[in-house]
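Here is the structure we will look at, set down as structure tokens.
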Amino acid sequence: MTTLDNAAGLEDADGLADVADLTRSRFRTAAPSAGGALPRIPRDQLPPGPRWPALVQTIALMRLRHWFHPWLQRRYGDVYTVHLIPQSRPLVMVTRPEHTKEVFSGDPEQFHAGKGNAILGPIMGQHSLLLQDSIDHKRARKLLMPPFNGAALREYEQMISDLARAEVDRWSDGDTFRSLDRMNAVTLEVILQVVFGVSDEQRLAALRPRVNATVDISPTVLLGWGYPFLQRFGVWKRTVDNQYELDRLMYAEIRERREAPDLAERGDVLSRLIRVGQEAAAEGRPEDALSDVELRDQLVTLLLAGHETTATALAWTLHELGRHPELHARSVAAARRDGVDAAEGDAWLDAVLKEALRLHPVIPMVVRTLQAPATIAGYDLPAGTTVGPSIVVTHQRSELYPDPEVFRPDRFLGQNPPPNTWIPFGGGARRCIGAGFSLMEGVAVLREVLTRFDVEAVGEDEPKVRNITSVPRRGARIRVRARA
């Protein structure tokens, strides 16, 4: 019997008896309130903002972000403050690229991203790249880089194309469906097979519902991490129980993979990370090997950062192409490489994806917490203030993107946008390590879809908030027609 087969029972002979303790410890040490009370910052030291109770502002920021961000900018100007639970913590938002540059170029020792992402701690874990700062972040980023370099991305591309083709094979002429659901199915398989390296169907069947339950949670659950007593009740308890089950499966997979006889030949991200650690240990650098807990935290980070975000970008892309026949025809030609070479075709599909990410941002903001006083956008902000650019507002500024409400991929064709104006992956030293992977994956999936099917949008759609991301409220419904 394999380790994973035993994962359902903690008391076993394969070393999983400690997993419940590891999960319990993470909930205790990575909770947003674990850092203790912060000094209160007087409002007169901060940019203007609403004076509503912190709970009301938090709910508005998380549930109504697509209305709240633009309203704040119209009401208070290009720099504004909201106060969030717990402890009425101030969040200063900037919306102009020159101010965004001040945040992204700030000294990483003073501009901590990890503390600003603390609400994700109980799920991702304290070793997550998104939650680490200073020397710990530098170490983790260096160790995670090899599986995301250019050579590795080229190796993943064929695996992703095969998974996308398997999904498209299930479609029939005239089918109408929520493209978000189908794209989520594809990107989930990419995470499980290309990142986690799981291919056995029994194991995939065990992981899929646990992963989906981790991703598909409401902002209410995230808010609950600030109040640990809630974890004994209702939706919060179900989320906690799911985490215990997912951890059992993931730790079993990690521990078994370390002993896999074919580890050297495997091309998935987890196997590559384990090999990097083994090579470092063999060279006398054991500190450069990721522990089981570190691997678990980084894999969950890649899951949350790369699964639903990429799926959402793809769903919006297909819906927009289905609304614009000219752009659709051009994208089909690019996918089929009719009259263009492979590089030109992929460049157009890449531009289409980037425009979808601009017009429909999946993440609303990028944040840093000041460890020392700093001047941002002309304001002298005290230590303890969290500051960051609003992606929602930045991507809609008409001086940066003329006719910002129009879907226009040519904005990104053959040119990069001006610095700090297109920021779906953040920026500076903390720019998302998986940005290249996400765009490569998106292009590969679009190529498979558009080679086989024409796409027609069914109805209109608008964003809604799900966990920390924004997704199409009606799932970006499309109708597909088989191409001759």
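Residue numbers for the sequence shown follow this note's numbering, so the first one is 8 and each next one is one higher. The beta carbon of each residue, even a glycine, is placed where N, CA and C say it ideally should be.
### Query
Skipping 5 residues on each side, what residues in its chain have a beta carbon closer than 7 Å to that of Arg437?
Within the sequence shown, residue 437 is the residue found at index 430, counting from 1. Correct list, in chain order: Ala120.
### Task
Compute the Euclidean distance between the alpha carbons of Ala213 and Asp254, then round it to the nearest angstrom.
Within the sequence shown, residue 213 is the residue found at index 206, counting from 1. Within the sequence shown, residue 254 is the residue found at index 247, counting from 1. Cα to Cα, the separation comes out at about 12 Å.
### Query
Among Ala442, Gly482 and Glu294, which residue has its Cα nearest to the Cα of Gly157?
On the sequence shown, residue 157 is found 150 positions in, with the first residue counted as 1. Comparing Cα positions, the closest option is Ala442.
### Message
Taking only three categories from DSSP, how would you classify Pro60?
### Response
Translated into positions along the sequence shown, residue 60 becomes position 53. Coil.
### Query
Tell me which same chain residues have a C-beta within less than 7 Å of the C-beta of Val369, skipping the five on either side of it?
Counted from its first residue, the sequence shown places residue 369 at position 362. These residues qualify, in order along the chain: Thr316, Thr319, Ala320, Pro431, Thr476 and Ser477.
### Exposed unless 16 or more other CB atoms sit within 10 angstroms - verdict on Ala20
Counted from its first residue, the sequence shown places residue 20 at position 13. Confidence in Ala20 is poor, its pLDDT being 36 and thus under 50, which makes the residue's placement too unreliable to answer from.
### Helix, strand or coil at Ala384 according to DSSP, with G and I counted as helix
The residue given as residue 384 occupies position 377 in the sequence shown. Coil.
### Query
Run through DSSP, which three-state label would Met100 get?
For the purposes of this step, residue 100 is taken as the residue at position 93 of the sequence shown. Met100: strand per DSSP, three-state reduction.
### Query
Going by C-alpha distance, which of Val347, Arg484 and Val201 is nearest Asp188?
In the sequence shown, counting from the first residue as 1, residue 188 sits at position 181. The shortest Cα separation from Asp188 among Val347, Arg484 and Val201 belongs to Arg484.
#### Entry: Helix, strand or coil at Asp182 [DSSP, three-state]
Your numbering for residue 182 matches position 175 in the sequence shown. Note: Asp182 maps to coil in three-state DSSP.
### Query
Taking the C-alpha atoms as reference points, what is the distance between His326 and Val400?
Translated into the one-based positions of the sequence shown, residue 326 becomes position 319. Translated into the one-based positions of the sequence shown, residue 400 becomes position 393. His326 and Val400 have their alpha carbons spaced roughly 22 Å apart.
### Query
Which residue from Leu277, Val465, Pro115 and Val394 puts its Cα closest to that of Thr308?
Walking along the sequence shown from the start, residue 308 turns up at place 301. Checking every option, the nearest Cα to that of Thr308 belongs to Leu277.
### Task
Express the C-alpha separation of Ser405 and Lys244 in angstroms, rounding to a whole number.
Position 237 of the sequence shown holds residue 244. Position 398 of the sequence shown holds residue 405. A direct Cα-to-Cα measurement between Lys244 and Ser405 gives close to 44 Å.
### Query
Thr88 and Pro97 look like a contact to me (Cβ under 8 Å); what is the Cβ gap, rounded to whole Å?
In the sequence shown, the residue the question calls residue 88 occupies position 81. In the sequence shown, the residue the question calls residue 97 occupies position 90. Contact flag correct, Cβ pair sits at about 5 Å.
### Query
For Gln463, which of helix, strand or coil comes out of DSSP?
Counted from its first residue, the sequence shown places residue 463 at position 456. Residue identity differs from the one stated: residue 463 is Glu in this sequence, not Gln. Here Glu463 sits in strand by DSSP.
### Query
Out of Gln133, Ala451 and Gln52, which has the shortest C-alpha to C-alpha gap to Ser168?
Within the sequence shown, numbered from 1, the residue matching residue 168 stands at position 161. For Ser168, the nearest C-alpha among the options comes from Ala451.
### Given 8 Å, three or more beta-carbon pairs between the stretch 330-346 and the stretch 355-362
yes
### Message
Under DSSP, the beta strand (DSSP E) around Pro479 begins and ends at which residues?
### Response
Position 472 of the sequence shown, counted from the first residue, corresponds to residue 479. Residues Thr476 to Pro479.
### Message
I'd like to check one pair, Arg185 with Gly482: are the Cβ atoms closer than 8 Å?
### Response
In the sequence shown, the residue the question calls residue 482 occupies position 475. In the sequence shown, the residue the question calls residue 185 occupies position 178. Yes.
### Task
Kindly indicate which residue of Thr36, Pro129 and Trp429 has the alpha-carbon position closest to the one of Tyr251.
As a first step, residue 251 is located in the sequence shown; it is residue number 244 there, counting from the start. Per the Cα distances, Pro129.
### Query
Does the stretch 150-164 come close enough to the stretch 454-466 to have 3 or more Cβ pairs within less than 8 Å?
No, the stretch 150-164 is not in contact with the stretch 454-466.
### Query
For Leu11, is the classification buried or exposed, using 16 other Cβ atoms within 10 angstroms of its Cβ as the cut-off for buried?
Taking the sequence shown and counting its residues from 1, the one referred to as residue 11 is at position 4. In this prediction, Leu11 scores a pLDDT of 40, lower than 50, which makes its location untrustworthy; no coordinate-derived value is stated.
### Message
Assuming Pro226 is part of the alpha helix (DSSP H), what are its boundary residues?
### Response
Translated into positions along the sequence shown, residue 226 becomes position 219. Its alpha helix (DSSP H) spans residues Pro226 to Gly231.
### Query
Which residue's Cα is closest to the Cα of Ser445: Val197, Leu127, Ser95 and Leu230?
Along the sequence shown, one-based indexing puts residue 445 at 438. Looking at Val197, Leu127, Ser95 and Leu230, the one whose alpha-carbon comes closest to that of Ser445 is Val197.
#### Entry: Continuous alpha helix (DSSP H) stretch holding Tyr83: start and end
The residue labelled residue 83 in the question sits at position 76 within the sequence shown. Per DSSP, Tyr83 belongs to the alpha helix (DSSP H) from Arg72 to Tyr83.
#### Entry: Span of the beta strand (DSSP E) around Thr428
The sequence position of residue 428 within the sequence shown is 421, counting from 1. No beta strand (DSSP E) contains Thr428, which DSSP labels as neither H nor E.
### Query
What three-state label does DSSP hand Tyr87 in the structure shown?
What you label residue 87 is simply residue 80 of the sequence shown in a count that begins at 1. The answer is strand: DSSP assigns Tyr87 an E or B state.
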